[in-house]
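Going down the list, the protein sequences come from chains A, B, C and D.
Heads up: the first sequence begins at 8 in this note's numbering, then just goes up one per residue.
Heads up: the second sequence begins at 8 in this note's numbering, then just goes up one per residue.
Heads up: the third sequence begins at 8 in this note's numbering, then just goes up one per residue.
Heads up: the fourth sequence begins at 8 in this note's numbering, then just goes up one per residue.
Protein chains: 4
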Amino acid sequence: MFIQASCILEFTCELPTPSIFMLRPKSGLSQFVLREDFQITPYLAMTEFSDTYGNLCQRLVMPAGKVKLQSSIVAACADTIDVDFTAGWTPIVDLPDPILHFLLPSRYCESDKLSEEAKAITIGCNHGYEQVETIRRWIYTHFQYQYGVTDSRSSTLDVMATKTGVCRDFTHVGISLCRALDIPARMVTGYLLGLKPMDLHAWFEAYVGGRWYSFDATQAEPKGNRISMAYGRDAADVAFVTHFGNAELSRMTVDVKETSPSWL
Amino acid sequence: MFIQASCILEFTCELPTPSIFMLRPKSGLSQFVLREDFQITPYLAMTEFSDTYGNLCQRLVMPAGKVKLQSSIVAACADTIDVDFTAGWTPIVDLPDPILHFLLPSRYCESDKLSEEAKAITIGCNHGYEQVETIRRWIYTHFQYQYGVTDSRSSTLDVMATKTGVCRDFTHVGISLCRALDIPARMVTGYLLGLKPMDLHAWFEAYVGGRWYSFDATQAEPKGNRISMAYGRDAADVAFVTHFGNAELSRMTVDVKETSPSWL
Amino acid sequence: MFIQASCILEFTCELPTPSIFMLRPKSGLSQFVLREDFQITPYLAMTEFSDTYGNLCQRLVMPAGKVKLQSSIVAACADTIDVDFTAGWTPIVDLPDPILHFLLPSRYCESDKLSEEAKAITIGCNHGYEQVETIRRWIYTHFQYQYGVTDSRSSTLDVMATKTGVCRDFTHVGISLCRALDIPARMVTGYLLGLKPMDLHAWFEAYVGGRWYSFDATQAEPKGNRISMAYGRDAADVAFVTHFGNAELSRMTVDVKETSPSWL
Amino acid sequence: MFIQASCILEFTCELPTPSIFMLRPKSGLSQFVLREDFQITPYLAMTEFSDTYGNLCQRLVMPAGKVKLQSSIVAACADTIDVDFTAGWTPIVDLPDPILHFLLPSRYCESDKLSEEAKAITIGCNHGYEQVETIRRWIYTHFQYQYGVTDSRSSTLDVMATKTGVCRDFTHVGISLCRALDIPARMVTGYLLGLKPMDLHAWFEAYVGGRWYSFDATQAEPKGNRISMAYGRDAADVAFVTHFGNAELSRMTVDVKETSPSWL
Chain A
8 MFIQASCILE FTCELPTPSI FMLRPKSGLS QFVLREDFQI TPYLAMTEFS
58 DTYGNLCQRL VMPAGKVKLQ SSIVAACADT IDVDFTAGWT PIVDLPDPIL
108 HFLLPSRYCE SDKLSEEAKA ITIGCNHGYE QVETIRRWIY THFQYQYGVT
158 DSRSSTLDVM ATKTGVCRDF THVGISLCRA LDIPARMVTG YLLGLKPMDL
208 HAWFEAYVGG RWYSFDATQA EPKGNRISMA YGRDAADVAF VTHFGNAELS
258 RMTVDVKETS PSWL
Chain B
8 MFIQASCILE FTCELPTPSI FMLRPKSGLS QFVLREDFQI TPYLAMTEFS
58 DTYGNLCQRL VMPAGKVKLQ SSIVAACADT IDVDFTAGWT PIVDLPDPIL
108 HFLLPSRYCE SDKLSEEAKA ITIGCNHGYE QVETIRRWIY THFQYQYGVT
158 DSRSSTLDVM ATKTGVCRDF THVGISLCRA LDIPARMVTG YLLGLKPMDL
208 HAWFEAYVGG RWYSFDATQA EPKGNRISMA YGRDAADVAF VTHFGNAELS
258 RMTVDVKETS PSWL
Chain C
8 MFIQASCILE FTCELPTPSI FMLRPKSGLS QFVLREDFQI TPYLAMTEFS
58 DTYGNLCQRL VMPAGKVKLQ SSIVAACADT IDVDFTAGWT PIVDLPDPIL
108 HFLLPSRYCE SDKLSEEAKA ITIGCNHGYE QVETIRRWIY THFQYQYGVT
158 DSRSSTLDVM ATKTGVCRDF THVGISLCRA LDIPARMVTG YLLGLKPMDL
208 HAWFEAYVGG RWYSFDATQA EPKGNRISMA YGRDAADVAF VTHFGNAELS
258 RMTVDVKETS PSWL
Chain D
8 MFIQASCILE FTCELPTPSI FMLRPKSGLS QFVLREDFQI TPYLAMTEFS
58 DTYGNLCQRL VMPAGKVKLQ SSIVAACADT IDVDFTAGWT PIVDLPDPIL
108 HFLLPSRYCE SDKLSEEAKA ITIGCNHGYE QVETIRRWIY THFQYQYGVT
158 DSRSSTLDVM ATKTGVCRDF THVGISLCRA LDIPARMVTG YLLGLKPMDL
208 HAWFEAYVGG RWYSFDATQA EPKGNRISMA YGRDAADVAF VTHFGNAELS
258 RMTVDVKETS PSWL
């Protein structure tokens with residue numbers, strides 16, 4: 008399906024504020040970006056670079072006052088995400104070198120402290136996809152989606168304590184529990200068609216059966232039509248925006264819909 | 008200045024033909040891509056990857072029959088290119104590691120065979136920018152711009168023999184003569200505002216005075232308002248398209264103009 | 008000075024245990040490795056790869072039973088580390104793209120929670136090197152070097168609470184406080200001539216005045232003659248060994264001494 | 008088998024000469040480097056970096072006068088190289104992205120001009136391994152191994168004309184003919200146990216049946232016990248040494264033998 012996604016972000020800064028955005032997706036195996044538009048008003052010079060994960064990062068200094076960013080994307084996306092309960096655990100000795108990285112604990116994913124919990128939640132599961140799906144469902148079932156309880160400093164241990172948070176937090180919990188079982192897991196940020204309430208989104212991928220599969224602990228069922236924006240170990244790597252200073256987000260509008268490119 | 012560039016390419020293939028395009032620029036220090044649009048008709052699945060130089064490569068199998076590609080770009084570009092006759096030769100010992108690569112001969116740039124010519128052309132020049140500009144002007148003055156004499160297999164030695172060719176050939180000669188003087192040089196493909204006749208374009212950069220400078224042997228004077236699409240050692244690295252099989256280019260239209268984004 | 012460093016590690020495993028070691032240094036700007044020797048007894052097949060930071064990682068499955076690793080290195084090292092109290096804070100806007108990464112919080116460095124502490128410790132300091140050296144000295148003065156209080160799960164917040172730990176912990180505290188002041192900081196593992204008690208070591212680097220400087224919170228004064236083994240955000244990236252399973256370290260011997268290569 | 012390889016190179020320079028060596032192998036899937044020793048007399052500062060192919064490059068300025076380099080390596084190597092006549096041609100659409108690069112012509116491999124020859128030599132062959140082995144054997148049978156006919160500027164077309172050259176030239180011919188058939192091919196430099204006459208060596212790898220296979224056009228039969236030093240498109244990428252200036256190689260001794268590490 009062709010998906011058009013857009014977001015508008017308005018910030019107010021008292022002082023010039025260096026900021027890094029990760030709002031521009033790349034084409035990849037699972038999506039092809041057909042059109043992409045990135046605007047900033049008032050116009051100001053930006054640069055762009057690729058981070059260690061290959062994500063595009065937009066770098067700018069937001070001036071004092073109001074700034075508006077608008078990003079819109081048209082991409083060809085898969086209608087579904089793959090589901091395979093037979094995908095087994097990949098023994099560590101068989102993991103490709105670059106995947107090993109995603110077994111390690113990270114800022115918001117204290118997987119090294121969650122071994123017991125991960126085992127308890129997945130008891131009786133076949134090793135691999137079934138463990139991850141059980142974790143995903145456990146979060147979906149037991150956690151409450153609620154804004155305002157967590158913030159940008161909340162890590163998995165914090166979220167496990169209150170069982171409340173947003174997509175970012177659910178994702179961190181999923182990642183941590185996977186890694187605690189020696190299953191590589193990474194965070195994805197992006198857009199999801201039909202997300203309620205609509206927002207910038209985050210989910211996770213786990214490496215089982217020799218490849219990455221997508222999991223979304225905020226949804227009842229597996230859903231496709233996603234645009235992936237950035238990949239990393241956790242939100243420290245893939246925050247939509249990182250400010251070095253203070254910037255107030257005064258407006259944020261996200262829209263995702265099916266489209267049919269005019270030229271098709 | 009904001010530049011809008013677009014190109015339309017139509018191909019006819021008898022058999023399905025794997026092809027790699029390099030038609031989508033990235034933001035960088037010298038340009039910021041605000042909008043980018045890439046269309047293929049009939050629609051078919053593509054993937055995209057970054058090559059060893061960081062260039063985006065679009066990979067697809069063109070089906071038998073006709074295929075039309077359309078690419079359009081809006082980018083913020085510098086109005087001028089830097090000129091600095093005082094920029095001296097950078098001693099090899101001071102070159103950053105990744106730059107060394109661009110001293111070596113490559114498929115279309117037999118710099119190892121052009122030492123005498125390079126010295127003769129630049130005799131009396133200060134080492135550095137002045138040498139490169141002298142080479143550029145020598146090519147501009149002595150070479151005839153003409154389609155149809157060279158083809159995709161023509162290398163610097165071939166072009167030096169006839170002193171005739173197109174932007175790609177002029178660029179290869181410039182690169183070869185620079186490298187023959189131990190000046191790192193690389194090829195750039197892209198768009199140039201005001202190019203006559205309008206076409207996809209190529210020029211070269213030389214590393215002097217501790218940084219890259221742009222040189223265009225097809226132009227009388229230094230001109231800015233360029234969109235860089237790909238960087239590499241020569242056309243083997245940065246061809247707009249590489250076909251593995253036969254594809255006839257039946258139409259090619261390129262347009263480059265100043266624009267003012269509607270939202271500014 | 009030429010330094011010879013060696014370590015012997017003996018492990019006992021009950022089950023085959025996938026493990027990743029980071030024990031083989033690379034030549035770099037600050038050191039040149041002249042000789043390097045890596046042994047495992049009984050002999051078993053290993054592979055080696057470079058991680059995202061360019062560190063060499065040795066990958067193997069330790070068999071059940073005893074395994075002995077021996078690593079020895081001869082390297083040309085700087086006798087001193089650079090000290091420059093005039094090196095100022097590098098504004099974020101001037102940081103090279105790849106350095107930005109080292110401003111972010113990481114598993115063991117909750118810099119996002121330590122802003123107040125970092126400001127209090129460095130009050131009155133000139134921004135830059137002086138802040139970092141003040142942090143380093145503050146740790147050296149106020150923290151007690153003691154084995155057994157912390158373990159591989161202890162993060163900066165844990166260590167700040169007890170003000171007790173080992174080189175790894177001191178390093179995490181230094182890194183966290185730097186990042187809390189928007190100074191990029193990274194962990195280094197390696198060897199230090201004259202370290203007491205001799206051990207594998209860790210310290211940190213901070214990016215001020217446009218380059219990296221070394222800081223070691225375990226030492227009274229700046230000391231050179233270091234061999235750097237691995238660089239990363241914190242111990243999650245650069246642990247000497249990461250086991251996926253249980254391995255008992257039954258013996259560890261480290262030796263670092265001045266040498267004079269026989270062929271000089 | 009454990010192989011010990013060493014080489015001694017003596018150079019005489021009239022002027023200080025910047026040079027890049029590629030003499031230090033890395034561990035990889037096909038070999039594990041246990042010990043490595045790199046000496047220069049008189050001692051002088053060097054740096055080391057990884058090129059775009061991941062090869063280690065030693066960078067130094069050789070002083071006026073005599074310089075001696077000694078390199079010795081102990082590595083665990085495979086006793087045989089894989090041979091598989093059933094390995095088929097990998098369709099271009101199935102090649103991994105980073106492999107595509109090795110289909111392109113390069114400085115010494117004018118594959119774009121050798122389509123007819125490649126087809127003629129391999130007529131009747133099954134596509135894939137059998138084609139490559141036929142090319143290899145064709146070179147081995149029809150070319151004369153002789154020093155002094157070719158030099159560092161000789162490319163495949165030159166060598167095809169005289170059918171005479173050394174390992175480097177045979178390798179270029181093999182690579183060019185493979186690429187002309189849309190088979191990715193790359194150059195390897197290194198050591199071969201039992202080579203006659205003993206020397207630094209070069210061979211090529213071709214990508215068929217979904218992986219790289221080794222081919223050596225200087226040998227009657229497939230032979231293992233190789234240490235790979237560097238990989239690249241051709242000798243422009245992987246020369247043992249690249250001088251920027253003049254350096255006379257006054258002595259070169261290479262020794263390769265089976266060994267048994269003392270600690271085994």
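C-beta: ideal position from N, C-alpha, C; glycine also.
Cβ closer than 7 Å: which chain D residues qualify as neighbours of residue i?
i: V68/B; result: V100
For residue i, tell me which candidate among the options has the shortest Cα-Cα distance.
i: W145/D; options: P103/D, E265/D, A127/D; result: A127/D
i: T19/C; options: H250/C, A125/C, D119/C, R31/C; result: H250/C
i: H108/C; options: Y214/C, Q226/C, Q46/C; result: Y214/C
i: C224/B; options: L207/B, F150/B, G252/B; result: Position check: residue 224/B holds Ala in this sequence, whereas Cys was assumed. Among L207/B, F150/B, G252/B, the Cα nearest to that of A224/B is on F150/B.
i: Y95/D; options: C132/D, V166/D, Q153/D, D206/D; result: Reading off the sequence, residue 95/D comes out as Gly, not Tyr. It is C132/D whose Cα lies nearest to the Cα of G95/D.
i: A82/A; options: S13/A, R160/A, M167/A, Y136/A; result: S13/A
i: P25/D; options: D89/D, S269/D, N253/D, T260/D; result: N253/D
i: V180/D; options: T157/D, S118/D, S159/D; result: S118/D
i: K170/A; options: V156/A, I182/A, R160/A; result: V156/A
i: C84/D; options: T59/D, T141/D, S235/D, I142/D; result: S235/D
Residues of chain C with CB closer than 8 Å to the CB of residue i, please, in chain order.
i: T249/D; result: The contacting residues do not exist; T249/D stays about 18 Å from chain C at best.
Give the straight-line distance between the Cα atoms of residue i and residue j, rounded to the nearest whole angstrom.
i: D244/A; j: A237/D; result: 33 Å
i: V263/D; j: L199/D; result: 7 Å
i: R31/A; j: S78/D; result: 48 Å
i: A45/D; j: P98/B; result: Note that residue 45/D is Phe in the sequence shown, not Ala. Their backbone Cα atoms lie some 26 Å apart in a straight line.
i: Y154/B; j: D206/B; result: 12 Å
i: L184/C; j: I15/C; result: 33 Å
i: E55/D; j: Q38/C; result: 9 Å
i: I47/A; j: M69/A; result: 10 Å
i: L51/B; j: V74/D; result: 59 Å
i: S34/B; j: P112/B; result: 28 Å
i: R66/B; j: G197/C; result: 44 Å
Any beta carbon of chain C sitting closer than 9 Å to that of residue i?
i: T59/A; result: yes
i: F28/A; result: no
Check the Cβ-Cβ distances between residue i and every residue of chain D, and say whether any is below 9 Å.
i: C64/B; result: yes
i: E229/C; result: Per the sequence presented here, residue 229/C reads as Pro, with Glu not at that position. It does not; no Cβ of chain D falls within 9 Å.
i: E117/B; result: yes
Under 7 Å Cβ-Cβ, which residues of chain A neighbour residue i?
i: A71/C; result: Chain A residues near A71/C: none, gap ~14 Å exceeds 7 Å.
i: P25/C; result: I99, V100
i: H6/C; result: Outside the displayed span of chain C (8 to 271) sits residue 6/C, for which this structure offers no information.
Which chain A residues are close to residue i, counting only those with a beta carbon under 8 Å from its beta carbon?
i: A52/B; result: F39, A83
i: S113/C; result: S113, R114, A243
Which residues in chain B have a C-beta closer than 9 Å to the C-beta of residue i? List them in chain order.
i: P191/A; result: Per Cβ cutoff of 9 Å: no residues; P191/A is ~22 Å from chain B at best.
Could one say the Cβ of residue i lies closer than 9 Å to chain B's Cβ atoms, at least one of them?
i: P105/A; result: no
i: K126/D; result: no
i: L110/D; result: yes
Name the chain C residues whose beta carbon is nearer than 9 Å to that of residue i?
i: D55/D; result: A small correction: the amino acid at residue 55/D is Glu; Asp does not occupy that position in the sequence shown. Those within 9 Å of E55/D in chain C are K33, S34, G35, F39, V40.
So with Cβ pairs under 9 Å, would you call residue i a contact of chain A?
i: P204/B; result: no
i: L22/C; result: no
Run through chain D and tell me which residues come within less than 9 Å of residue i, C-beta to C-beta.
i: K120/B; result: R160
task: Anything in the region 34-45 of chain D with a Cβ closer than 9 Å to a Cβ of chain C? List those residues in chain order, please.
output: Per Cβ criterion, the list reads S34, G35, L36, F39, V40, L41, R42, E43, D44, F45.
- prompt: Using a beta-carbon distance cut-off of less than 7 Å, what residues from the region 146-174 of chain B approach chain A?
  reply: none
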